[in-house]
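Visitor: Residue numbers for the sequence shown follow UniProt numbering, beginning at 1 and rising by one.
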Amino acid sequence: MASYDDVLQYLSSLDYPADKADVVREAEREGAPPDVLRALRALPPVDYANGTEVARSAGIEAAPEASPARRAAQAREPHTRVSQHLRRI
1 MASYDDVLQY LSSLDYPADK ADVVREAERE GAPPDVLRAL RALPPVDYAN GTEVARSAGI
61 EAAPEASPAR RAAQAREPHT RVSQHLRRI
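What follows is the structure, given as structure tokens:
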């Protein structure tokens, strides 16, 4: 399975915004393995602003080492890294 870093590695020289065809073409040009190409060919046909949007749209998680239980716990936690004055907005 393709990893987040794999996708970003093969798209590092792509100029954004880019559409699906540009993304796939760049990955092919960079010699991406079949699992990365498969994930990119399954992308929705929209314009992407950066590599992070591509990886997220391909359904690749940034932290696959985190268990589903840990991700659920993080989702339930309050956003403690948000400044106090922004919490009331």
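We put the CB at the ideal spot given by N, CA and C, even for glycine. Computed from a prediction, not measured in an experiment: that's the story for all the values here.
Would you mind working out which of Glu28, Lys20 and Pro17 sits nearest tyrosine 10, comparing C-alpha positions?
Guide: The residue you call residue 10 lines up with position 10 of the sequence shown. That would be Glu28, whose Cα lies nearest to the Cα of tyrosine 10.
Visitor: Give the secondary structure of aspartate 22 by DSSP, where H, G and I count as helix, E and B as strand, and everything else as coil.
Guide: In the sequence shown, counting from the first residue as 1, residue 22 sits at position 22. If DSSP states are grouped into helix, strand and coil, aspartate 22 belongs with the helices.
Visitor: Count the other CB atoms within 10 Å of the CB of valine 36; is the residue buried (16 or more) or exposed (fewer)?
Guide: In the sequence shown, the residue the question calls residue 36 occupies position 36. Answer is buried; the Cβ neighbour count reaches 16.
Visitor: Take arginine 41 as the anchor and find which of Val24, Glu53 and Asn50 has the nearest alpha-carbon.
Guide: For the purposes of this step, residue 41 is identified with residue 41 of the sequence shown, where counting begins at 1. Among Val24, Glu53 and Asn50, the Cα nearest to that of arginine 41 belongs to Val24.
Visitor: Does glycine 51 pass the burial test, meaning 16 or more other C-beta atoms within 10 Å, or should it be called exposed?
Guide: Residue mapping note: residue 51 aligns to position 51 of the sequence shown, counting from 1. Per the 10 Å Cβ criterion, buried.
Visitor: Would you identify the three-state DSSP class for tyrosine 16, choosing helix, strand or coil?
Guide: For the purposes of this step, residue 16 is taken as the residue at position 16 of the sequence shown. In the structure shown, tyrosine 16 sits in coil (DSSP, three-state: anything other than H, G, I, E or B).
Visitor: How would you label valine 46, buried or exposed, when you count the other beta carbons within 10 angstroms and need 16 or more for buried?
Guide: Residue numbering aside, residue 46 sits at position 46 when the sequence shown is read from its first letter. Flag for valine 46 reads exposed.
Visitor: Quick check: what's the CA-CA separation for glycine 59 versus aspartate 22?
Guide: As a position in the sequence shown, residue 59 is number 59, starting the count at 1. As a position in the sequence shown, residue 22 is number 22, starting the count at 1. One C-alpha to the other measures close to 18 Å.
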